[in-house]
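Quick note, our numbering runs 745 ahead of the 1-based positions in the sequence shown.
We put the beta carbon where it would ideally sit given N, CA and C, even for glycine.
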Amino acid sequence: MITIKLGDITLEENIDCIVNAANERLVGGGGVDGAIHRAAGPSVMTECRQIGSCPTGSAVITSAGDLKVLHIIHTVGPIWYGGAQGEPQQLKDAYYNSFKKALEYKIKSIAFPAISTGVYGYPKNEATLIALSVGLEFESKFDEIRYTCFSKSDLTNYQLTLHKLRG
Ligand code: APR
Numbered sequence: 746m747i748t749i750k751l752g753d754i755t756l757e758e759n760i761d762c763i764v765n766a767a768n769e770r771l772v773g774g775g776g777v778d779g780a781i782h783r784a785a786g787p788s789v790m791t792e793c794r795q796i797g798s799c800p801t802g803s804a805v806i807t808s809a810g811d812l813k814v815l816h817i818i819h820t821v822g823p824i825w826y827g828g829a830q831g832e833p834q835q836l837k838d839a840y841y842n843s844f845k846k847a848l849e850y851k852i853k854s855i856a857f858p859a860i861s862t863g864v865y866g867y868p869k870n871e872a873t874l875i876a877l878s879v880g881l882e883f884e885s886k887f888d889e890i891r892y893t894c895f896s897k898s899d900l901t902n903y904q905l906t907l908h909k910l911r912g
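The following block contains the structure:
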């Protein structure tokens with residue numbers, strides 16, 4: 746089942762895993778990366794340091810520290826350079842590899858922020874289409890795929906886009 750909700754992903758409960766929009770060096774940052782590390786606590790950063798890095802489009806997994814979930818999957822979306830540097834495929838890869846990592850760890854429910862649409866500047870409409878298209882590919886493999894939107898406009902965009910994709 747795909748669900749779309751408005752909220753702070755660090756507060757998610759009754760879900761196995763949340764996804765972080767990280768950077769390749771896994772050193773934390775602002776945005777959702779900063780919020781997740783602040784809420785999860787230093788143990789997650791220690792694990793990230795041990796992992797060392799994550800190429801754009803890939804995904805790694807850590808524990809969830811003080812969060813009310815079991816795991817955090819850290820994925821790295823593309824920085825938007827206008828769309829001709831392979832960004833769409835890299836964003837697809839980020840969602841795809843997050844789902845693959847979740848399946849590897851028998852995760853049955855997962856929540857995503859809107860990867861790359863903040864600091865990395867990816868246009869929201871295109872990013873939402875990619876996020877939900879990949880989600881629909883994996884929908885049957887999870888009890889819940891949740892998209893946690895941080896603004897009402899994102900929420901509306903996700904709801905409209907899912908409605909269009911479902912036809
Ligand atoms: N809960 C849910 N969504 C959030 C939260 C939150 N607490 N905080 C921010 N967001 C949303 C933003 O509104 C945006 O829609 O997450 C989306 C992704 O924005 P960023 O966090 O800026 O991530 P991204 O654009 O992928 O840039 C990643 O930013 O924080 C740094 O270290 C990170 O270098 C990396 C880069």
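Annotation for F857: the continuous beta strand (DSSP E) segment containing it runs 854-857. Residue environment analysis places Y867 among the buried positions, since at least 16 neighbouring C-beta atoms fall within 10 angstroms of its C-beta. A Cβ-Cβ separation of about 4 Å places T820 in contact with A804 under the 8 Å criterion. Residue pairing for K851: DSSP places it in no beta bridge. If you ignore the 5 residues before and after K750, its C-beta comes within less than 8 Å of the C-beta of R891, Y892, T893, C894, L900, all in its own chain and listed in chain order.
In the structure shown, T791 falls within a helical segment according to DSSP collapsed to helix, strand and coil. When the Cα atoms are used, P833 and C762 turn out to be separated by approximately 24 Å. If one requires a minimum length of 3 residues, the beta strand (DSSP E) runs lying completely within the segment 870-905 are 889-894, in chain order.
Annotated as distal: I781 and H816, with beta-carbon spacing of 9 Å or more.
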